[in-house]
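For reference, the structure discussed in these notes is given below.
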Amino acid sequence: MMHSGLVVLAISFKKDTYCNFQWWFNLSIYDFLLFFYRVVEQCLGRFVDEKKAKQLKEKSMPVEGCIVVAGRTDKGVTALQQVCSFYTWRKDVSCGDIMHSINEVAPGKIRALEVTGVSRVFHPNFAATWRQYFYILPLNDNEELITRCFEGHWSNSSIGCEDDQMNELQENHSVEKEQQLTFSHLNEDGCPGISELKPRSFSISKVDQLLQQLEGKSLSYKMFARDTKASRSSGPATECFMFHARAAETKIRCNLEDYENCQRVMCVELVANRFLRKMVRVLVATAIREAAAGADDDALIKLMDATCRRATAPPAPPDGLCLLNVGYGEFKEKFCLIR
């Protein structure tokens, strides 16, 4: 039974289950009927206390729970542990009832991992001290499929025209082991050189070296963000402390029963106290671009001082990106998968 009134849920969901999990007021840009957000709130409606239910009915509003989340994730991003909270003053509701209700609403897409009562002062976003993202990017064992996937994403993406660039991918037919993707480069004036696409190979170890330079530093990542409000595009609001930033190569089975047919992948793990909008995807795409160009190890840090977001790459596709964990205490290296 619960006595504090505030309930915390750790929820897992698959990509494409929802669209941009966060409350947005600009409905002309973001769809109000967010699948995941609405499904969870509707599910929690049966646990709303009588006083709150009466208030909602008087305002001709649906009786639903009001959830607060640990942070926003982009459309197409999977989460193994998104933390949510909501209030209820009912004494006849158990955490087990809530977990059971959520797990029945969309089996295979949404799952409550843990439900517990906490103090009323707890806030899933403000109390979080670190977030952990894990990115899995397929390499060139199936090069044509991979190239086509990435090419379609960038050629169809539309980034803010005021300061974001539009790069294209081109098919890369090299048989070099570490040649993965092809990026366009900037002209001397800092604009995308669409007609001057240059194939570049990159090594995963170089990507790892570039990312490691960010560890243990509090830096402004405004150049690596996209679609941010003016109030969050400069100053302290853009500063993030990177606890851990690594890249490594491994293999994953394409089929759980097929032990021989494995796909080579590059894994990127990022842990920071917070992340700006689309920051993970832009940072990874830029690290790959700089590795392909043979840049110095401090290339990403130098880009922090750029004056235009055209200096960084457009966001990599959301496919393969996962919010792995949200932490509420001291971060420790043992939490990481890549060491």
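Numbering follows the numbering used here, with no gaps: position 18 of the sequence shown is -1.
We treat Cβ as the ideally placed atom computed from N, Cα and C, and that holds for glycine.
Predicted model only: the values in this text are computed from it and were never measured.
Which residue or residues does DSSP assign as beta-bridge partners of residue i?
i     : result
F222  : S199
I(-8) : Q63 and A93
Q113  : V252 and N306
I233  : Q244
V50   : C65
P119  : V246
R227  : E250
Go through its chain and collect everything with a Cβ distance to residue i's Cβ below 6 Å, but skip five positions before and after it.
i    : result
L302 : V58 and Y116
M223 : L195, E196 and A253
S82  : C24
V34  : In the sequence as displayed, the identity of residue 34 is Ala instead of Val. Closer than 6 Å at the Cβ level, and outside the excluded window around A34, lie V44.
G216 : none
S344 : Here the chain comprises residues numbered -18 to 320, so residue 344 is not present and cannot be evaluated.
The beta strand (DSSP E) spanning residue i covers which residue range?
i    : result
R92  : I91 to V99
L302 : L302 to G308
Keeping to the same chain, check which residues put their C-beta closer than 8 Å to that of residue i; ignore five residues upstream and five downstream.
i    : result
I79  : V(-12), L(-10), L25, F28, A93 and V96
H104 : V49 and S66
F316 : Q113, V252, N306 and G308
N106 : V49, V50, A51 and G52
N242 : R234, C235 and N236
C76  : M(-17), V(-12), V96, T97 and G98
V261 : Y114, Y116, L251 and L302
Throw me the rounded Cβ distance for the residue i and residue j pair, which I believe falls under 8 Å.
i    : j    : result
N306 : Q62  : 5 Å
F205 : L251 : Their Cβ separation, rounded to whole angstroms, is 11 Å, which puts F205 and L251 out of contact at 8 Å.
M285 : S201 : 6 Å
C326 : V44  : Summary: the structure shown does not reach residue 326, with the chain confined to residues -18 through 320, and so no result is reported for it.
A60  : L318 : A60 to L318, Cβ: 16 Å. No contact.
V246 : A228 : Incorrect: roughly 11 Å between the Cβ atoms, too far for contact.
G46  : E22  : 5 Å
P296 : K259 : 5 Å
T110 : F312 : 7 Å
A266 : A294 : 4 Å
A268 : L281 : 6 Å
In the DSSP assignment, the alpha helix (DSSP H) including residue i goes from what residue to what residue?
i    : result
E271 : M260 to A273
K32  : E31 to E39
Here's a check: name, in chain order, each residue in its chain whose Cβ is nearer than 7 Å to the Cβ of residue i, leaving out the five neighbours to either side.
i     : result
S139  : Any answer about S139 is weak, because its pLDDT of 36 lies below 50 and its placement is not dependable; what the coordinates show is given next. Around S139: no qualifying Cβ.
A218  : S212
A272  : F183, S184, K187, V188 and L191
D278  : Q190, L191 and Q194
K203  : S214, S215 and T219
T231  : V246 and C248
S(-7) : A60, L61, Q62, R92 and L94
A226  : L192, Q193, L195, E196 and L251
K210  : none
Give the secondary structure of residue i by DSSP, where H, G and I count as helix, E and B as strand, and everything else as coil.
i      : result
L(-13) : strand
S186   : helix
N84    : helix
I282   : helix
F340   : This structure cannot settle anything about residue 340, because the visible part of the chain is limited to -18 through 320.
R19    : helix
S214   : coil
F205   : helix
R291   : helix
D55    : coil
L257   : coil
R71    : coil
F28    : helix
D78    : helix
Q194   : coil
I127   : Interpretation of I127 is limited by its pLDDT of 48, a score under 50 that renders its predicted location unreliable; the figure taken from the coordinates is listed afterwards. DSSP places I127 in helix when its eight states are reduced to three.
Taking 7 Å as the cut-off, is the CB of residue i close to at least one heavy atom of the ligand SAM?
i    : result
S201 : As far as ligands go, the structure on display features none, and thus does not contain the ligand SAM.
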